[in-house]
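So the sequences go chain by chain: A and B.
The letter at position 236 of the first sequence is residue 236 when you use this note's numbering, and the numbering goes up by one with no holes.
Just add 1000 to the spot in the second sequence (first one is 1) and you have this note's numbering.
Where a beta carbon is used, it is the ideal one built from N, C-alpha and C, also for glycine.
Structure first, commentary second.
There are 2 protein chains.
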Amino acid sequence: MKKSFLLGCMLLTLQILVYAQSSKIDHYISTNHKTMLRELMHFLRMPNQAKDSANIHQNAEFLLNDMRKRGIQHVQLLNAPSQKRTPAVYGEYLTPGATTTLVFYAHYDGQPVSPEKWHTSLKPFEPVLINGKIETGAKTIAAEEMDIMRYPDARIYARSSSDDKSGVMALLNAFSALRETGLSPAINIKFFFEGEEEAGSPHLEEILSAHRSLLQSDAWIICDGPIHQTGRNQLVFGVRGDANMEITVYGPRRPLHSGHYGNWAPNPGLLLVELLASMKNEKGFVTIKGFYDDVLALNDKEKEALAKIPAVDSMMMRELGFMQPEMQDVGLSMAVNLPSLNINGIESGKAGSAAANVIPVSASAVLDLRLVKGVDWKKQQERVVQHIRDQGFFITDRDPDEQIRLTHPRIAKIRLEKGYNAQKTDMQIPIMQKLIHTIQKATGKEWVLQPGLGGSLPLYVFEQVLNAYPVTLPIANHDNNQHAENENILVKRFLEGISILATVMMLQPNQ
Amino acid sequence: MKKSFLLGCMLLTLQILVYAQSSKIDHYISTNHKTMLRELMHFLRMPNQAKDSANIHQNAEFLLNDMRKRGIQHVQLLNAPSQKRTPAVYGEYLTPGATTTLVFYAHYDGQPVSPEKWHTSLKPFEPVLINGKIETGAKTIAAEEMDIMRYPDARIYARSSSDDKSGVMALLNAFSALRETGLSPAINIKFFFEGEEEAGSPHLEEILSAHRSLLQSDAWIICDGPIHQTGRNQLVFGVRGDANMEITVYGPRRPLHSGHYGNWAPNPGLLLVELLASMKNEKGFVTIKGFYDDVLALNDKEKEALAKIPAVDSMMMRELGFMQPEMQDVGLSMAVNLPSLNINGIESGKAGSAAANVIPVSASAVLDLRLVKGVDWKKQQERVVQHIRDQGFFITDRDPDEQIRLTHPRIAKIRLEKGYNAQKTDMQIPIMQKLIHTIQKATGKEWVLQPGLGGSLPLYVFEQVLNAYPVTLPIANHDNNQHAENENILVKRFLEGISILATVMMLQPNQ
């Protein structure tokens, strides 16, 4: 009991809970947290890029076994009929007589990695426990010495530690917490773990369609993304859509010496910087024709919720180390409720010690377009393509042949990646009100209610295919470096997440 | 004799020579060319980046032994007094009573490599013989089957195959050709092989100063660079200067999710493309203030020589696959007689399959500034720095600290690399006239006489330290991919180079 009490103190956000079940759950978490962390770290050792079929299957296999061990029923892979390479993992726990069903979603695939960019003592798929932030020189904690009471600021560093294997494992541990403490849920619980979210969920729609009846529910709880930057928990009722595209422009057919041909032969790096620079104005707004045209304005309730969200701009600018945002006239909360264009990456030749005095043959950039309700992803990509055409580029979908090279002064190869639209759930419907009430009461705190998150998940699919209501309940710390080098999860957030998710699984629909 | 005759036909540019010694030399080359190619390929197997001290020493050691074996005298390393890491290799062959001395220069270090960019069947330090251009699907020739009569279009692919280990080995083989055929030069011959040319020759000046008396001469024959694009041989009387700089601009302190922060947090890629795009106008001219101010105009003789150079613009545009040069109003010959600014490389995040939806922490570009007579390299770098400052950037030479981050909206770290100025030798002085006469007579062809080459070598040092007259005599094919992936030397050019250089070593000063 003392241990449980101490954990309650250490995990600042694990407040004294009002339900009897909560103390049982927290005691269970306190007693078993070392095992939970070991399991998570074992899971993080498996490389998990969606396109890496062999490794993805190893991850799925691990989940199948783990879920069965925990007593989850009807554990199975859900394949898309058209292909079998990146399955979702499903399981359920049905309560006799229950009329309410929640599906809990997380994804087990991760973003690509650039290992050379990680801190010298880290490797993406060799998870380590660090007593704080690695950038501040915090030291490694040996796994056998880990104890949340001794190391309350501990973080696990690895690809997918926050995005989103901690989501997967928090859900499974929450379920185990109920089972092992003898608590009986009043609802049906279903688990759905996707395996290609970071690849843009190319088969999610197919999988949901093929398994429509199995996946019926009152709501989907999406466990992904970060909590609010103030450290407050949040529920998110919408997400931006997302569509990427890659642009490649061309110089000479073969690489040229920059002395013998420099400033005569066209440098593709120069063509690319001129093109990219033409896409934004000095206020940070996108200059592409029609880019903001179809944006559906926020309604009054959303504006009200938005107004209640604590402004974090100054705090975040200090934390992130810059004094001027790209959008100088729009705050962060509003900025993520607009469509955006981000230059994910630019490559032309080499910078740094590998740079050579050369005119490269081509230069590439990857753009990430985020979309809000009202804006169609295909139309938005087409607007960017038209802008590139308007800058004098001949557009092609393959490397230019001889004839194209000699008849067009500027050539751009464009690869349009599959994307998806934004999604929003009405926060006023009964199941959402019940959820908001339950978690605010259980945690004793007011949650941030976000009309829309800046990030993206293919949640439109749940509406479209299943008529379902998705809502996002993130557990990861906001400074988790997701999608980048040195990704990490704050251990206390992971453990708090288990507690919160167990509370949601104990939702009393008629209360 | 038949073999020698056939070789003469196959090597189109090896004309019927008017000197008796020439047929002896060509016979020797014909008989021994397989051995010469094996030796070159052995040499090419040694990685040779100037900063890679261990490998550079292996290269130098190879040259010391090889030169001694060939009967070259006083073979030794010439170190800079300040450091011993990248020595030049020296040797000489003194002719009793000779009053004329030529120093033959080449360099044995190479550009950095990006092996992933090379053709899938090639590795930079595993030289292979290919029966033509690799891009056209030409096949590998087994070393033991190589014969120039059977494979007249053969190329050797490897880093430094053209730039400049073929220069080094052509000089040594030319010397052996004289020795082994019993020909006696009328001049003193000196060899000077530099080991850090591609690193900008940071210690050449020191080495020349320290060994001034050893290196006295009437002229330096610089064996480096490509022949003219028309396939004609050329002598080059000047080179552009060169100075590089690296620019790094900054975004958030840690990488951010492009959904949660995109278009609010400053993207360093966007800052960089705006900055780089501001450096040129739509005509391809540099917009940086003062960039062309100090250019010394060409004199009448240089203009005359320039007018005689066959225009290769249309041919080169077809060969290189583009229909519009960056400088639309200036031809190639004139473009390389102006200062230039080339974007060698740009890196911000990742493009291609490793691209992630992220706002990177920084973005970098490497610029290559080429300089003509009159323009000082330090002043030119400072003009670029001032331009960056004029675009609102705070300039620093290190990663910005907290205070700088929070007080400057735009921050650029600039690393100025050591550079050097342009050089020109007067083509009317007697030793140059003798050289022009000798090689035109020996080859039976009119050579291209270039006032200035687009490329750079630190030839100003020879003037400045030794009062010497350098002139460049290239042997490599112009489509050799020097400085880039798939670097190669056309075998027949290498063999022709040996013949030409042997002729130069047989220069008769009083004839």
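- In terms of CA proximity to B/Gln1428, B/Pro1451 leads the group B/Gly1110, B/Leu1507, B/Pro1451.
- Contact note: B/Asp1368 reaches chain A through Ser258, Gly262, Asn357, using a C-beta cutoff of 7 angstroms and chain order.
- Under the three-state reduction of DSSP, A/Arg240 is assigned to strand.
- Contact annotation for A/Thr120 against chain B: no contact, minimum CB-CB distance about 16 angstroms [criterion: below 7 angstroms].
- Here the stretch 462-477 of chain A lies against the stretch 207-223 of chain A, with 3 or more beta-carbon pairs under 8 angstroms apart.
- In the structure shown, the three-state DSSP call for A/Thr86 is strand.
- Leaving aside the five residues that flank B/Lys1283 on each side, the residues in its chain whose CB is nearer than 8 angstroms to its CB run, in chain order, Met1327, Gln1328, Asp1329.
- The beta carbon of A/His483 sits closer than 8 angstroms to some beta carbon of chain B.
- By the Cβ rule, the stretch 1407-1421 of chain B does not count as touching the stretch 1482-1494 of chain B, because fewer than three pairs are nearer than 8 angstroms.
- Chain A places no beta carbon closer than 8 angstroms to that of B/Gly1419, leaving this residue out of the contacts.
- Neighbourhood of B/Ala1351 in chain A, by CB distance below 8 angstroms: Glu246, Asn344, Gly345, Ile346, Glu347, Ser364, Ala365, Val366, in chain order.
- About 7 angstroms separates the beta carbon of A/Phe191 from that of A/Met67, a gap short enough to meet the 8 angstroms contact definition.
- For A/Val168, the closest Cβ of chain B is not nearer than 8 angstroms.
- Here A/Gln508 is exposed, its C-beta having fewer than 16 other C-beta atoms within 10 Å.
- Unbroken beta strand (DSSP E) stretches of 3 residues or longer found wholly inside the stretch 1077-1156 of chain B: 1083-1093, 1101-1107, 1128-1130, given in chain order.
- At a cut-off of 8 angstroms between C-beta atoms, B/Leu1270 counts as an interface residue with respect to chain A.
- A/Arg70 has its alpha-carbon roughly 17 angstroms from the corresponding atom of A/Met506.
- In this structure, DSSP gives B/Phe1394 an extended state, which the three-state scheme calls strand.
- Counting only residues of its own chain and dropping the five nearest sequence neighbours on each side, A/Ala307 has no CB closer than 8 angstroms to any other CB.
- B/Ala1422 does not reach chain A, its nearest Cβ partner there being about 11 angstroms away, counting only Cβ pairs nearer than 8 angstroms.
- Take the alpha-carbon of B/Pro1202 and the one of B/Leu1256: they are about 39 angstroms apart.
- Separation of the CB atoms of B/Ala1351 and A/Val366 is rounded to 5 angstroms, and the pair is thereby assigned contact status at 8 angstroms.
- According to the DSSP assignment, A/Ile189 belongs to the beta strand (DSSP E) that extends over 188-194.
- Within the stretch 1193-1207 of chain B, contact with chain A at the beta-carbon level (separation under 9 angstroms) is assigned to Glu1198.
- Not a single C-beta of chain A is nearer than 8 angstroms to the C-beta of B/Gln1391.
- Of B/Phe1104, B/Gly1349, B/Met1036, the smallest CA-CA separation from B/Pro1474 is found for B/Phe1104.
- Contact between B/Gly1110 and B/Asn1048 holds: their C-beta atoms lie close to 5 angstroms from each other, under 8 angstroms.
- Taking the CA atoms as reference points, A/Phe494 sits about 14 angstroms from A/Ala158.
- Counting only runs of at least 4 residues, the stretch 20-73 of chain A fully encloses the following alpha helix (DSSP H) elements, listed from N- to C-terminal order: 20-44, 53-69.
- Chain B places no beta carbon closer than 8 angstroms to that of A/Leu129, leaving this residue out of the contacts.
- By the neighbour-count criterion, in which a residue is buried when 16 or more other Cβ atoms sit within 10 angstroms of its Cβ, B/His1437 is exposed.
- Apart from sequence neighbours up to five positions away, the residues of its chain that approach A/Gly345 with a beta-carbon distance below 6 angstroms are Val366, ordered along the chain.
- Collapsing the DSSP output to three states places B/Val1295 in coil.
- The count of Cβ pairs closer than 8 angstroms, one atom from the stretch 1287-1294 of chain B and one from the stretch 1371-1379 of chain B, reaches three, so the stretches are in contact.
- In terms of Cβ geometry, B/Pro1266 and A/Gln73 do not form a close pair [threshold 8 angstroms].
- A distance of 8 angstroms or more separates the beta carbons of A/Ala210 and A/Ala106.
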